[in-house]
Amino acid sequence: MTGRRAFAATDNVRNPTTHKDSPMSQTVRIGICSTYAPRACGLATFAADLESALHATEVVSDVSIITMVDSESAKGSPLPSVIAEIAEGDRSSYVSAARRASALCDVVFVQHEFGIFGGEDGELVLDFLRALTIPSILTLHTVLPTFSPKQASILRSASELSSVITVFTPTARDLLIEQGIAESAGIRVVPHGAPAALFDVDANDARQRLDLEDKFVISTFGLVSPGKGLELAIEAMSRIVASVPSSVLVIAGRTHPGESRRSGENYRSSLVAQVQRLGLEEHVRFIDSFLPVATIADVLAATDVFVTPYVNPEQIVSGALTFAVASGCPVVSTGYLYARDLLASGAGTIVESRSSENFGDAILEYANNDELRGAARLEASRIGEGMRWTSVACEFADMARELLDRRVPNELPLRIVGVDRARFASSNRRTGRGSSVSYSGGATTRIRHRRLSTGQSLSVSTPGLIHLQRLVDTTGIVQHATGVVPLLSSGYCVDDVARLIPVAYRFENDVAWDRVTARSVAFVANAFDPRGDFPANPRGDRMHNFMGFDRSWLDEPYFGDHVGRAALGLASVAGDERYAPVCEPLLRAVFRDLPEQRAIHPVGYTLLAQSAVPWLTTRARMATLISVLTGRLDASSDPSWFWFEDSVRYDAAMLAEALLAGGVAAEDDRAIEYGLRALRWFDGMCEKGDYLRVPGHLGMPRGTTTEGTGDEQPLEALALVRAHARAWEVTGDAWHRNRVLQTHAWFTGRNQLGIALADDDGGCFDGLNAEGPNRNQGAESTLAFVASALIAQKVQGSAIPLGVPSQNLNGASARPSVGQ
222 MTGRRAFAAT DNVRNPTTHK DSPMSQTVRI GICSTYAPRA CGLATFAADL ESALHATEVV
282 SDVSIITMVD SESAKGSPLP SVIAEIAEGD RSSYVSAARR ASALCDVVFV QHEFGIFGGE
342 DGELVLDFLR ALTIPSILTL HTVLPTFSPK QASILRSASE LSSVITVFTP TARDLLIEQG
402 IAESAGIRVV PHGAPAALFD VDANDARQRL DLEDKFVIST FGLVSPGKGL ELAIEAMSRI
462 VASVPSSVLV IAGRTHPGES RRSGENYRSS LVAQVQRLGL EEHVRFIDSF LPVATIADVL
522 AATDVFVTPY VNPEQIVSGA LTFAVASGCP VVSTGYLYAR DLLASGAGTI VESRSSENFG
582 DAILEYANND ELRGAARLEA SRIGEGMRWT SVACEFADMA RELLDRRVPN ELPLRIVGVD
642 RARFASSNRR TGRGSSVSYS GGATTRIRHR RLSTGQSLSV STPGLIHLQR LVDTTGIVQH
702 ATGVVPLLSS GYCVDDVARL IPVAYRFEND VAWDRVTARS VAFVANAFDP RGDFPANPRG
762 DRMHNFMGFD RSWLDEPYFG DHVGRAALGL ASVAGDERYA PVCEPLLRAV FRDLPEQRAI
822 HPVGYTLLAQ SAVPWLTTRA RMATLISVLT GRLDASSDPS WFWFEDSVRY DAAMLAEALL
882 AGGVAAEDDR AIEYGLRALR WFDGMCEKGD YLRVPGHLGM PRGTTTEGTG DEQPLEALAL
942 VRAHARAWEV TGDAWHRNRV LQTHAWFTGR NQLGIALADD DGGCFDGLNA EGPNRNQGAE
1002 STLAFVASAL IAQKVQGSAI PLGVPSQNLN GASARPSVGQ
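222 is the number of the first residue of the sequence shown in our numbering; add one for each residue after it.
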């Protein structure tokens, strides 16, 4: 798109030789253009939260506010961070504010809603963007399935004038591309952030503070207006109370200022009248105030089911729904766009019609099924990890730094965070961190591969290590790359370094890789919560995940998938006496401190780790984890769906492998049987006859197929390779051996486009969709290819299964006994 202020543009990016600081090594000054306190609206809250989170990053040295002032807002804000005000209808104020921002900031983040800027459909925002002489990042809080011609024209111009556009969901990104608003290379998907205060509130304490003890709490919060559809939730309460008499609906929030100006308190009064008419005075509570974060955190911590009965099916973002999911609340919602995206993987239920009976029944399904409610809560918590403001702010800060660093000459990689990993998140690809996804154009040649029958094999070459060497440095392995060039600003994460350990260990005879193994073990050990007494009694249930390029941790220690991955990485070398003094106490701590409310993926990783180091655990501990996995299979499966959850999600086949490994180590035949059944079912979903199609980053809900699930990622193919290698060792069935080779061939062309994703240097593209590959070669994808090639090569060279737990294929050496 001509004219875009991308990295190649020279009119809008400061020259590193003339900037007062060197952007390659110094911090960035950020401006945020938005509504702001004391104005009470969701956009102002978003801006304040983003400001606070940016201050906490190492990349950002200063944050300034350019605030939008309407006729109702007080001018002359005393808040020290406000450097300029824009009067909604005063065109000259847009220009003067842009000039001041250009003088005091390096990059400006513009929060866009059509209604906050002056002119028809907010067209005066273009005056601000044109007057800027620094890069701008435009966040669209409203994305419609069909923009009006005027709206589309404004956004196309805004896209041309901005360096980057960010949206909150992949759906929003797709809508922009379909309507020709912007090109995919200039869009990043970054989730709506959630404040840290939401994550650590004790539910019992919150219920006591809100006088909700012994109640089944249904809640919603936010500025009250007819668009919230709250009458639907109130009407559904009659049905709910008849079945669950302890139910209480909490409606928290003041009337929206715009609604108050138009109609006063008429809408709220109609809701109160509805409650009285239905005789629900004891079952519906109103909190009529603009809620501070601490009160929101209490309401959500006390909540059993959160509801968003919103009216507008085109709503593309909801701060309230973001906060609820981040807090781990199961959700029942109408089917607006944001809810469909955020709840697709199982954190809630979409009610398709505006029927109070259907809405009530969906809530009752959670009220009457503790296991279903618990599963939704776990999935919401998993998604929420990628929505922490700490992770989101790092994404925005990295974008700003990348613009100034000018590291990428032609395009800005698209990132999908949290919806997925997250990579996103932050950018954890599927856990909050996010994954770089940048599509390249050009024709591709589709190559069809004949399906291999039992007894046939594929030749597996030794993987190159050149690209891995590019990514590995004296700290760890850099998370992302732009093409083949490591993206240093993306820093490091425990997830990737833990995956690096067994790969580096396979080349221990090379002194350089031996050093990499030792440094990687040190990195993971350093990530554990330092409040533990290491090495005697470290704390194993909390650890850092993300480290900046300057070696400073970017997050607070917490429990997530990275804890299980860390255990699995350490277990791969714990049998080596050189590493045992560090690995063993950490592994014992993880096995000891695994939280009672276990998310399913950390259970799988930890069970795999325990099966690799049986001398550090007990059969009882393994049996507990096995029971979690088999219990989830029993609860979720039906004749057509044999899986652990209602959606097949990231690193999927790992769960089947965990049951196989745990079943062998704990001598549990039922676990082995379940693992084999789950693996065969999952493999059947992926096998398309002449190619393999693994589920994509959006997940595969029950009743769907792998098609239409988003971008395929190399980690999924590796997980399936590992699982089949494990199954071959356990069963001796040559079918699994051949499936290892056929699955590994996904990397070399046995995929939906028939193209090779890995090159001779051992680098692997980060993803694949129907348009083509993402040509960035990051750590996760490259490690997945190299690890898959090493396993496939081992299988190819073995005439018979090894007949022992597959540490020999997938990692650690083994000691002979397991504790009782």
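Ideal placement from N, C-alpha and C gives every residue a C-beta, glycine not left out. The structure presented is a predicted model; accordingly, all values stated were derived computationally and were not measured.
Under the three-state reduction of DSSP, residue 713 is assigned to strand. Taken atom to atom, the span from the alpha-carbon of residue 1013 to that of residue 807 is near 30 angstroms.
Judged by their CB atoms, residue 998 and residue 987 are nearer to each other than the 8 angstroms cut-off. Inclusion of residue 832 and residue 896 in the CB contact set at 8 angstroms is not warranted, their separation being larger than that value. CA-CA distance, residue 503 to residue 469, rounds to 8 angstroms. Around the CB of residue 534, fewer than 16 other CB atoms lie within 10 Å, so the residue is classed as exposed. In this structure, the alpha-carbon of residue 277 lies about 8 angstroms from that of residue 611. Listed in chain order, the non-local C-beta contacts of residue 443 below 6 angstroms within the same chain comprise 474, 541, local neighbours out to five positions each way being set aside. Runs of the beta strand (DSSP E) spanning 3 or more residues and lying entirely within the segment 361-397 occur at 385-388, in chain order. With a cut-off of 8 angstroms on Cβ pairs, the segment 894-913 is not in contact with the segment 359-375, counting fewer than three such pairs.
One Cα belongs to residue 858, the other to residue 992, and the distance between them is close to 33 angstroms. For residue 317, no beta strand (DSSP E) segment is defined; the enclosing uninterrupted segment is the alpha helix (DSSP H) at 312-325. 8 angstroms or more divides the Cβ of residue 781 from the Cβ of residue 826. Each residue's CA atom was taken as its position, placing residue 728 and residue 738 some 9 angstroms apart.
Residue 969 is positioned such that its CB atom lies no closer than 8 angstroms to that of residue 689.
Rounded to the nearest whole angstrom, the C-alpha separation of residue 713 and residue 257 is 34 angstroms. A distance below 6 angstroms between beta-carbons, with the five flanking residues on each side excluded, links residue 856 to the following residues of its chain, in chain order: 592. Boundaries cannot be given for residue 538, as no beta strand (DSSP E) includes it and DSSP labels it neither H nor E. In this model, residue 347 and residue 353 are separated by some 10 angstroms (Cα to Cα).
With fewer than 16 other beta carbons inside 10 angstroms of its own, residue 799 counts as exposed. Take residue 898, set aside five residues on each side of it, and the residues of its chain with a beta-carbon closer than 7 angstroms to its own are 863, in chain order.
Counting C-beta atoms within 10 angstroms of its own C-beta, residue 312 has fewer than 16 neighbours from the protein chains shown and is therefore classed as exposed. In this model, residue 399 and residue 510 are separated by some 40 angstroms (Cα to Cα). Taking all protein chains shown into account, residue 891 has fewer than 16 neighbouring C-beta atoms within 10 Å of its C-beta and is therefore exposed. Only residues of its own chain outside the window of five on either side were considered, and among them 349, 352, 353 have a CB closer than 7 angstroms to the CB of residue 319, listed in chain order. Contact check between the segment 600-619 and the segment 766-782: three or more CB pairs, one atom from each, fall below 8 angstroms, which counts as touching. A distance below 7 angstroms between beta-carbons, with the five flanking residues on each side excluded, links residue 916 to the following residues of its chain, in chain order: 869, 873, 927, 930, 937. Its chain contains 697, 718, 721, 722, 725 as the residues whose beta carbon lies nearer than 7 angstroms to that of residue 741, once the 5 sequence neighbours on both sides are disregarded; these appear in chain order. Approximately 12 angstroms separates the beta-carbon atoms of residue 846 and residue 811; this is outside 8 angstroms, ruling out the contact. Contact between residue 274 and residue 485 does not hold, since their C-beta atoms are separated by about 36 angstroms, which reaches or exceeds 8 angstroms.
Secondary structure in the segment 681-749: the alpha helix (DSSP H) runs of 4 residues or longer, each lying completely within the stretch, are 687-692, 715-726, 732-748 in chain order. A straight line joining the alpha-carbon of residue 933 with that of residue 566 spans about 16 angstroms.
Ranking 517, 750, 436, 777 by CA distance to the CA of residue 462 puts 436 first. Excluding sequence positions up to five before and after residue 844, its CB lies within less than 8 angstroms of the CB of 887, 889, all in the same chain and listed in chain order.
Every unbroken stretch of the alpha helix (DSSP H) spanning 4 or more residues and falling wholly within the segment 506-594 is given here in chain order: 514-522, 540-547, 558-564, 577-588. Under the DSSP definition of a beta bridge, residue 359 partners with 331, 386.
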